[in-house]
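Which chain is which? The protein sequence lines are P and B, in order.
Terminal number for the first sequence in our numbering: 175, no gaps in between.
Terminal number for the second sequence in our numbering: 175, no gaps in between.
Glycine included, every Cβ here is placed at the ideal spot set by N, Cα and C.
There are 2 protein chains.
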Amino acid sequence: MPCVPPAIPTDIKPEVDQIVEAILYLYTESRRLTKELARSVDLTGPQLTVLKMLEGVGDLSLSELSERIRAQNSTVTGIIDRMERESLVVRARSNEDKRVVYIKLTDKGARIARGIAIEPMVVLRDALSTLSMPEMRDLLKILTKIARRVQSIVQREAAGNGNKE
Amino acid sequence: MPCVPPAIPTDIKPEVDQIVEAILYLYTESRRLTKELARSVDLTGPQLTVLKMLEGVGDLSLSELSERIRAQNSTVTGIIDRMERESLVVRARSNEDKRVVYIKLTDKGARIARGIAIEPMVVLRDALSTLSMPEMRDLLKILTKIARRVQSIVQREAAGNGNKE
DNA sequence: CCCTATTATTTCGCACGCGAAACATCTGCC
DNA sequence: GGCAGATGTTTCGCGTGCGAAATAATAGGG
Numbered sequence: 011m012p013c014v015p016p017a018i019p020t021d022i023k024p025e026v027d028q029i030v031e032a033i034l035y036l037y038t039e040s041r042r043l044t045k046e047l048a049r050s051v052d053l054t055g056p057q058l059t060v061l062k063m064l065e066g067v068g069d070l071s072l073s074e075l076s077e078r079i080r081a082q083n084s085t086v087t088g089i090i091d092r093m094e095r096e097s098l099v100v101r102a103r104s105n106e107d108k109r110v111v112y113i114k115l116t117d118k119g120a121r122i123a124r125g126i127a128i129e130p131m132v133v134l135r136d137a138l139s140t141l142s143m144p145e146m147r148d149l150l151k152i153l154t155k156i157a158r159r160v161q162s163i164v165q166r167e168a169a170g171n172g173n174k175e
Numbered sequence: 011m012p013c014v015p016p017a018i019p020t021d022i023k024p025e026v027d028q029i030v031e032a033i034l035y036l037y038t039e040s041r042r043l044t045k046e047l048a049r050s051v052d053l054t055g056p057q058l059t060v061l062k063m064l065e066g067v068g069d070l071s072l073s074e075l076s077e078r079i080r081a082q083n084s085t086v087t088g089i090i091d092r093m094e095r096e097s098l099v100v101r102a103r104s105n106e107d108k109r110v111v112y113i114k115l116t117d118k119g120a121r122i123a124r125g126i127a128i129e130p131m132v133v134l135r136d137a138l139s140t141l142s143m144p145e146m147r148d149l150l151k152i153l154t155k156i157a158r159r160v161q162s163i164v165q166r167e168a169a170g171n172g173n174k175e
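Okay, structure coming up:
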């Protein structure tokens, strides 16, 4: 029989399940809606995210972009390929370091970005903004706590995989 | 400047952003980790989810399954194709209604499901279970509130698209 | 200066994930 | 009984999304 370290205590299981369920719902539904809205301006969800990101913070290298939208480089390469095909962005090789590629909005891309009122995860944002300030702070505090805990687990995991001498 | 109907009030924007950021982090990181763990038993993330679901609630039609794992039928068809290829599940046409297909675990599938201690979204579950009971209740209450709000927006959206005559 | 390790990006193969259209079956209504 | 519309599933095409390997360029030690 395999080793089973964590195993969630049964007395809190229902609450945990419900919370997970709620987070899954919020994430998938918001994502779906955003995608649908993006489609009305001929963009995909990730493309909208990239467009808005570049509009907000300016040119980014492909790695910086991947990190910010939480995707692998190989994924972003594909997204940028398709956006370049649509003339929404261009790739510009850096002069200082010829390995890095900067992604820049074209005029067309910038124009479209300006014209779009849709932010990624709109529905979630709208729903959140109906909360009272104390609720919002409570929520943020608890989520931050969970995130820190997840982060520590992730790091431990990563370390475990790395040290395979 | 274009018309921007919803536009989140600027005074709460930073909080909203941080909350969205946190939820995105929790979701993507948990998903990634689960996928990685699933890989150690030669399953993908969705396949693990399906396996555990069938183990927990028994046979399901393809539609029921899609609904429960929050995916389109066409997506689940593909997942089941691959799982059938690996002899983890079988399709069984219903006798009462020959349109519906029941997905059943094979012996092999059931055995593997029993042997796996990994639940979908493990990391998130583990992190959640470190919260105090009041924190958990607060969190659930607020998330439920948000989810209801999202749901009402989604429904309004759906109605708007349906009535197109 | 050169060789090696590192870093940035791309390529490849595969598994989702979706919407639209096709297909099969069922239901109700005549 | 027959047919029109509804329902369950699959097919198709396309866009992510990932990890591993390939490629290109830089940095650092000798």
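For Gln165(B), does the count of other Cβ atoms within 10 angstroms reach 16, so buried, or fall short, so exposed? Counting from 1 along the second sequence, the entry for residue 165(B) is found at position 155. It is exposed - the Cβ of Gln165(B) has fewer than 16 other Cβ atoms within 10 Å.
Let's see if you can read the secondary structure: which residues bound the alpha helix (DSSP H) around Ile122(B)? Numbered from its first residue, the second sequence carries residue 122(B) at position 112. Its alpha helix (DSSP H) spans residues Asp117 to Gly125.
If contacts are defined as beta-carbon pairs under 8 Å, then Ala137(B) and Val160(P) qualify, I think. What distance do you get, rounded to the angstrom? In the second sequence, residue 137(B) corresponds to position 127, counting from 1. In the first sequence, residue 160(P) corresponds to position 150, counting from 1. Confirmed, about 5 Å.
Closer than 8 Å by C-beta to Gly172(B): which residues in its own chain qualify, once you throw out the five before and the five after it? Chain order, please. Against the second sequence, residue 172(B) aligns to sequence position 162. In this prediction, Gly172(B) has a pLDDT of 40, which is less than 50 and means its spatial position is unreliable; what the coordinates show is noted afterwards. Hits under 8 Å: none found.
For Arg95(B), count the other beta carbons within 10 Å of its own beta carbon; 16 or more makes it buried, fewer makes it exposed. Which is it? Numbered from its first residue, the second sequence carries residue 95(B) at position 85. By the 10 Å Cβ count, Arg95(B) comes out exposed.
For Ser162(P), tell me which candidate among Leu36(B), Ala127(B), Lys155(B) and Lys151(B) has the shortest Cα-Cα distance. Locating residue 162(P) in the first sequence gives position 152, where the first residue counts as 1. Comparing Cα-Cα distances from Ser162(P) to each of Leu36(B), Ala127(B), Lys155(B) and Lys151(B), the minimum goes to Leu36(B).
Near-chain B residues of the segment 65–93 of chain P (beta-carbon distance less than 8 Å), N- to C-terminal order: Arg80
Can you name the residues of chain B whose CB is closer than 7 Å to the CB of Met63(P)? Position 53 of the first sequence, counting from 1, holds the residue named residue 63(P). Here the premise fails: no neighbours, minimum Cβ distance about 13 Å.
Whole runs of the beta strand (DSSP E) within the segment 71–100 of chain P, excluding any shorter than 3 residues: none
So for Lys174(B), helix, strand or coil by DSSP? Numbered from 1 along the second sequence, position 164 holds the residue referred to as residue 174(B). Low per-residue confidence applies at Lys174(B): pLDDT is 36, beneath 50, and the placement is therefore not dependable enough to give any value.
Can you confirm whether Ile30(B), when its beta carbon is compared against all beta carbons of chain P, has any partner nearer than 7 Å? Here residue 30(B) refers to the residue found at position 20 when the second sequence is read from its first residue. The displayed chain sequence assigns Val, not Ile, to residue 30(B). It does; some Cβ of chain P falls within 7 Å.
Please list the terminal residues of the continuous alpha helix (DSSP H) segment that includes Asp27(B). By 1-based counting over the second sequence, the position of residue 27(B) is 17. Element bounds for Asp27(B): Lys23 to Arg49.
Assuming Lys114(P) contacts Val100(P) (C-beta within less than 8 Å), just tell me the rounded distance between them. Counting from 1 along the first sequence, the entry for residue 114(P) is found at position 104. Counting from 1 along the first sequence, the entry for residue 100(P) is found at position 90. Going by Cβ atoms, the distance from Lys114(P) to Val100(P) rounds to 5 Å, so yes, they are a contact pair.
Less than 8 Å between the CB atoms is what I'm expecting for Ala32(P) and Thr20(B), so what's the real figure, rounded? Start at 1 with the first residue of the first sequence, and residue 32(P) comes out as number 22. Start at 1 with the first residue of the second sequence, and residue 20(B) comes out as number 10. Contact flag wrong, Cβ pair sits at about 27 Å.
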